[in-house]
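Per my numbering, the very first residue in the sequence shown carries number 88; after that it's consecutive. Following: one structure in C-alpha cells, then a few remarks.
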Amino acid sequence: MVSLGGLSFLVLLILLAVFVVVLFSFIPVGLWISALAAGVKVGIFTLVGMRLRRVPPAQIVNPLIKADKAGLSVNVNQLEAHYLAGGNVDRVVDALIAAERANIPLAFERAAAIDLAGRNVLEAVQMSVNPKVIETPVISAVAKDGIELKAVARVTVRANIDRLVGGAGEETVIARVGEGVVTSVGSAESHKLVLENPDSISKTVLSKGLDAGTAFEILSIDIADVDIGRNIGAQLQMDQAEADKNIAQAKAEERRAMAVAREQEMKARVQEMRAKVVEAEAEVPRAMAEAFRTGRLGVMDYYNMQNILADTKMRESIAGSGNGREGRHKELKNE
C-alpha cells in the first residue's frame, strides 16, 4: 500500500506540473527566448500584458524581430496599437522593408494609415518599383464619318504612395482612359485617320492628365488593338428615313380620312338639299289650291300652264331623241 506521505507528494507533483503547463501556456517563454536570442528587448511582463489585452504575442514579436534585423526603427507599442486598430502588422512591416530596400521614403505612420484605409500597402510599394499594366475593356467610339471603332488600350501605371489614402482606384483610371479614347476618336474627321495613326489617341489621352486625384501615376497609354465596327452613320440615316416615311404615311392617312369625312359631309348636304327641294315641290299644289280658293288663279290659267308644261316636255323629248340620232350617226361614220 502507498503511504500517506507518498500520496501527498504525488498529488503535489501533479499540481506543480499543471501549474507549470498553465504558466507556460499563458506566458510565451519560448517567444521571449527567441526575441532575446535575436537581440530584441521585449520584457516578459510585456508579453503577459499582450495576453491580457488579447493580442497574440507572436503577431507582434515576429514582425518586430524582422523589422529589427532590417534596420527599421519601430517599437512594440506601435505594432500593438496598429494590431488593435485592425491592421495587418506583418504586411506593414514587409512593406516598410521593401520600401527601405527600394530607397522609397515611407514612414511607419504612413504605411499604417494606408493599411487601415483598406489598401494593400505591400502591393503598392511593389507597384512603385515594378509598374503595373491595366488593360481596358473594349471601348466603342464613332468618328465624324459615322464609322464605329472598337479599341483596347493598355495603361502602364505606377503607385503613388502619397495619394494612396483618398486617391481613386483602377476603375477611375479605366473610366477616364475610356472617356479620352471616345473623345479622341469622336473628334477625328475620318476613321481612316485613326487607323493610320493610333498613337494620336495615346498622345491626346495622355496629355489630359488623367491620373489627377488617383492613387496612380500614368506612365504610358498604348492602343493595343483597333477594329472597325458598324456604320453607325448609315444606320442612323436609315432609321431617320424610316421615321420620316412613317410620318409622311401618317399625315397622308390623316388627309385621306379628312377627305372621306368631307365627302360624307357633302353627301349629307346633297341629301339635305334634295329633301328641301322635295319639300318645296310639295308646297306647289298647296299654293295652287290656295290660289284657286282666293280667285287669283282661274281654270283657264291652270289649263294654259298645263299646256305649256306638256309642250316643254315634248320639246325636251324631241331634243333628246335628236341628240341620240346624231350620236348614232357619228358612231357609224367613225366605223
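Glycine is no exception: its CB is placed at the ideal position from the N, C-alpha and C atoms.
Report task. Tell me whether Arg-402 is buried or exposed, calling it buried when 16 or more other Cβ atoms sit within 10 Å of its Cβ. Result -> exposed
Query raised in the report: Would a C-beta distance cut-off of 8 Å place Arg-250 and Ala-189 closer than the cut-off?
Result: no
**Report entry** Collapsed DSSP secondary structure at Asn-318 in the structure displayed
**Finding:** Strand, per DSSP.
Query raised in the report: In whole angstroms, what separates the C-alpha of Ile-308 from that of Ala-240?
Result: 7 Å
Query - Beta-carbon gap between Leu-203 and Ala-157 smaller than 8 Å - result: No, these two residues do not count as a Cβ contact at 8 Å.
Query raised in the report: What residue does the beta strand (DSSP E) around Val-220 start on, and which one ends it?
Result: Per DSSP, Val-220 belongs to the beta strand (DSSP E) from 219-222.
Requested in this report: Leaving aside the five residues before and after Asp-312 along the sequence, list all residues of the same chain whose C-beta is less than 6 Å from its C-beta, in chain order.
Outcome: Val-239
Query raised in the report: Is Ser-307 helix, strand or coil by DSSP?
Result: strand
Requested in this report: Drop a sphere of 10 angstroms on the beta-carbon of Glu-350, count the other beta-carbons inside from all chains shown, and report buried for 16 or more, exposed for fewer.
Outcome: Per the 10 Å Cβ criterion, exposed.
Requested in this report: Just confirm the distance between the C-beta atoms of Ile-226 and Val-268, as a whole number of angstroms; I'd bet it's less than 8 Å.
Outcome: 5 Å
Query raised in the report: Is Ile-147 closer than 8 Å to Met-137 when the C-beta atoms are compared?
Result: yes
Query raised in the report: If you check the beta carbons only, do Ser-277 and Ala-328 fall under 8 Å apart?
Result: When the beta-carbon positions are compared, Ser-277 and Ala-328 stay at least 8 Å from each other.
Query raised in the report: Between the beta-carbon of Val-142 and the beta-carbon of Val-163, is there less than 8 Å?
Result: no
Query - Under 8 Å between C-beta atoms of Ile-221 and Val-252 - result: No, the pair does not count as a contact, with Cβ atoms beyond the cut-off.
Requested in this report: Find out if the Cβ-Cβ distance for the pair Thr-259, Val-242 is shorter than 8 Å.
Outcome: no
Query - Rounded straight-line distance, which links the Cα of Leu-293 to that of Ala-335 - result: 49 Å
Report task. Just confirm the distance between the C-beta atoms of Ala-182 and Ala-198, as a whole number of angstroms; I'd bet it's less than 8 Å. Result -> About 5 Å; that satisfies the 8 Å criterion.
Report task. On the DSSP bridge assignment, give the partners of Thr-243 in chain order. Result -> Val-220 and Ser-307
Report task. Going by CA-CA distance only, name the one from Leu-306, Trp-119, Val-357 and Arg-178 that's closest to Lys-219. Result -> Ranking the options by Cα distance to Lys-219, first place goes to Leu-306.
Query - Beta-carbon proximity of Ile-315 to Ile-288, cut-off 8 Å - result: no
Query raised in the report: Smallest Cα separation from Pro-192: which of Arg-178, Ser-215 and Asp-177?
Result: Ser-215
Query raised in the report: Who are the near neighbours of Ile-101 in its chain, counting only those whose CB is closer than 8 Å to its CB and skipping five residues on each side?
Result: Around Ile-101, the same chain offers no residue with a beta carbon nearer than 8 Å, after the five sequence neighbours per side are excluded.
Requested in this report: Using three-state DSSP, classify Ala-255 as helix, strand or coil.
Outcome: strand
**Report entry** Whole-angstrom distance between Glu-196 and Lys-290, CA atom to CA atom
**Finding:** 38 Å
Report task. Could you have a look at Ile-226 and say whether DSSP puts it in helix, strand or coil? Result -> strand
Query - Rounded C-alpha distance that separates Gly-300 from Arg-263 - result: 12 Å
Report task. Report the three-state DSSP secondary structure of Ile-191 (helix, strand or coil). Result -> Coil, per DSSP.
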